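Residue numbers (the numbering used here): 1466 to 1737.
Written out as structure tokens, the structure is:
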């Protein structure tokens, strides 16, 4: 996702909306309604997080539980990450419609806007928010209230390329849940910085009518085998322009945030 001043045009977003409305079932490589199809980044509630690590880190673990949400597309809970070179992969979770068995479903996303990004991963495809880059996504069944972690890694470096991977694990046990995808970046991109931001975005206008409660866990950065636990993320509303508002409280499980959409301010869905 990009700032309002650098975002690409909308044709790809219109296509994604048409596919969503038509009920087309997409393969994993094209399950990429990955945010930024509606409101601009500048008008969404903003997340701030830190690992409190003293240096950049090789691995980020970013936990979140979806406590309650409609079984529908519309809202994206995302984390920005910044590498030492300044390039900014992002990752997050999106509630989705139930699967064929009536099970709750989340989509996990891991993407890069770097034009030099490459991939051979079956969960990934070229392009990010209508521009250059790589986008990876996977859907998995989830239990409301269970904490799942995005595990993002600078997994390896080979010559001029470093491999970035994204996976989902169950936070309490570390048990693998799903592989999101992986892509290559120039080796000079480096490790993850120890703090950054994120956003809560109504990427479809339908998101402006939803109410979702999530709990953010403590971010963890790992470098040279040492794990550094950060502070609980904070979420603040924009001063203007968003169809969402948030309330937040600290609980024994983490920072619980409820997002309430104002459907009256939602832009009408496009018909093209």
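Cβ atoms here follow ideal geometry from the backbone N, Cα and C, with glycine treated the same way.
These numbers were taken from a predicted model, which means no experiment stands behind them.
Worksheet entry | Through-space distance from residue 1723 to residue 1708, alpha-carbon basis | Each residue's Cα considered, the two are about 14 angstroms apart.
Worksheet entry | Residue range of the unbroken beta strand (DSSP E) whose run includes residue 1720 | The continuous beta strand (DSSP E) containing residue 1720 extends over residues 1720–1726.
Worksheet entry | Residues of its chain near residue 1545, where Cβ-Cβ distance is below 6 angstroms and the 5 sequence neighbours each way are ignored | 1553, 1555, 1661, 1662, 1663
Worksheet item: Who are the Cβ neighbours of residue 1598 in its own chain at under 8 angstroms, not counting the five residues just before and after it?
Response: 1576, 1577, 1578, 1579, 1580, 1582, 1591, 1592, listed in sequence order.
Worksheet item: How many angstroms separate the CA atom of residue 1651 from the CA atom of residue 1525?
Response: 19 angstroms
Practice prompt. Specify the secondary structure class of residue 1538 as computed by DSSP and reduced to three states.
Written response: coil
Item to complete: Kindly confirm or deny that the region 1666–1676 and the region 1609–1621 touch, where touching means at least three C-beta pairs closer than 8 angstroms.
Response: no
Discussion item. Could you check whether the Cβ of residue 1616 sits closer than 9 angstroms to any Cβ belonging to chain C?
Written reply: No chain C appears in this structure, which consists of one protein chain only.
Item to complete: Please report the residue range of the beta strand (DSSP E) in which residue 1668 lies.
Response: From DSSP, residue 1668 is part of no beta strand (DSSP E); its letter is neither H nor E.
Discussion item. Using DSSP's beta-bridge definition, name the partner residues of residue 1621.
Written reply: 1628
Fill in: Nearest residue (CA-CA) to residue 1530, options 1677, 1574, 1596
1677
Worksheet item: What residue range is occupied by the uninterrupted beta strand (DSSP E) comprising residue 1599?
Response: 1596–1606
Worksheet item: For the beta strand (DSSP E) that residue 1716 lies in, which residues bound it at each end?
Response: Premise fails: residue 1716 is in no beta strand (DSSP E) and is neither H nor E.
Worksheet item: Buried or exposed: which applies to residue 1726, given that a residue is buried once 16 or more other Cβ atoms fall within 10 Å of its Cβ?
Response: buried
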